[in-house]
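Going left to right, the sequence shown walks through residues -27 to -1, 1 to 266 as mature numbering (1 follows the signal peptide of the UniProt record, and there is no 0) numbers them.
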Amino acid sequence: MTRSRSSGAAALLCPLLGACLWSAVVGYKPVIVVHGLFDSSEDFKNLQRFINESYPGTNVTVIDLFDRSSSLQPMWKQVEGFKAAIYPIMQNAADGVHLICYSQGGLVCRGILSTLPDHNVHSFISLSAPQAGQYGDTDYFRIFPQFVKSNLYHFCYTGVGQLISICNYWNDPHHRDLYLNSSDYLALINSERPNPNSTEWRRNFLKIQKLVLIGGPDDGVITPWQSSQFGFYDDNETVVEMQHQELYLRDVFGLKTLVARGDLILCTVPGVEHVLWHSNETVFHACIEKWLM
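Here is the structure:
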């Protein structure tokens, strides 16, 4: 009799446990990944594997748009394209989504979050992205063979230059006025010049629950590397950290508010080259994993 009761209880318990486990699996928020300059969705298989090993059954979508050379298209065009691809995923996720955005993709995601009033992004994870801009010579600038960082402003701060994504966030600290007057993208989303949409964009951006800024001193591409955490050069090319930047002190789009809420996380990892951030398991476990719950 006792054995029969035990067997019956086990028979009843197993489906219940299965249902609980299934509920846990389907409870993970979808993860959306936006790639960077010259990348494609194929480059993120390791990251997808890391996520699914930690949170089995998670729906991970690496958006397959603006791949390789197409990633040089203007940033606002990319924002609209990625937004159209991401929005249906958001609409089908009642509990919200997580956004992992790598390199240039981190700035694309800023544009999406600023201009999409009904987004439901829980964690915005910015993975080695030039959030405060780029000012440095790297292999990525081989498309401008006649220019170096000191004279690239001659091209970037023109109407033609602003048709290329890199120039949309080129931030020359020695030509601040030209940057402010010419940047069609970064200066606008940073509210560094008058923008009639700034109040609305700030409100939209602050709907995120967490902002995770990941970067490190051995990146080799993002220059200065502190740009990944909103630090940047002054006109002497001395790095001014985020908390001393004007855009932080004036809280123009919400960084200071996020800090006050306890919702801005800095994660710095040495020894990681730029192209390896999304495939480095240590980075995933140290900087990303806990924010995907």
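Even glycine gets a Cβ: it sits at the ideal position worked out from N, Cα and C.
Beta-carbon gap between residue i and residue j smaller than 7 Å
i	j	result
P190	P146	no
S155	F226	no
V6	I59	no
H251	G193	no
Y158	M63	no
D40	S76	no
W174	S87	yes
F17	I36	no
D110	K122	yes
E262	S27	yes
Residue closest to residue i, alpha-carbon to alpha-carbon, out of the options
i	options	result
S201	N170, S123 and I238	I238
Q46	C140, Q119 and S171	C140
R83	N25, S13 and I181	I181
G30	D150, V232, K2 and D68	K2
K50	I85, G69, F205 and R176	I85
Contact set for residue i: own chain, Cβ-Cβ below 6 Å, skip 5 residues either direction
i	result
G188	S101, W198, S201 and Q202
Q21	V33
K229	Y221
Q119	none
Cβ separation of residue i and residue j, assumed to be a contact under 8 Å, to the nearest whole Å
i	j	result
V33	V52	The Cβ separation is near 21 Å, so there is no contact.
F23	E210	Wrong, their Cβ atoms sit about 36 Å apart, outside the cutoff.
L80	Q104	7 Å
Y130	L161	Not quite, the Cβ-Cβ distance comes to about 14 Å (not below 8 Å), so this is no contact.
Reduced DSSP secondary structure (H/G/I, E/B, other) of residue i
i	result
C129	helix
Y60	helix
K50	helix
Y75	strand
G235	coil
I181	coil
A259	helix
F205	strand
F117	coil
T196	coil
Q21	helix
Q218	coil
R8	It should be noted that the sequence gives His, not Arg, for residue 8. Looking at H8 - three-state DSSP - the assignment turns out to be coil, as it is neither helix nor strand.
T31	coil
Chain-order list of residues whose beta-carbon lies under 8 Å from that of residue i (same chain, five-residue window excluded)
i	result
W264	H71, S96, I98, K183, V185 and I238
S138	L10, S44, L45, Q46, P47, M48, Q51 and Q77
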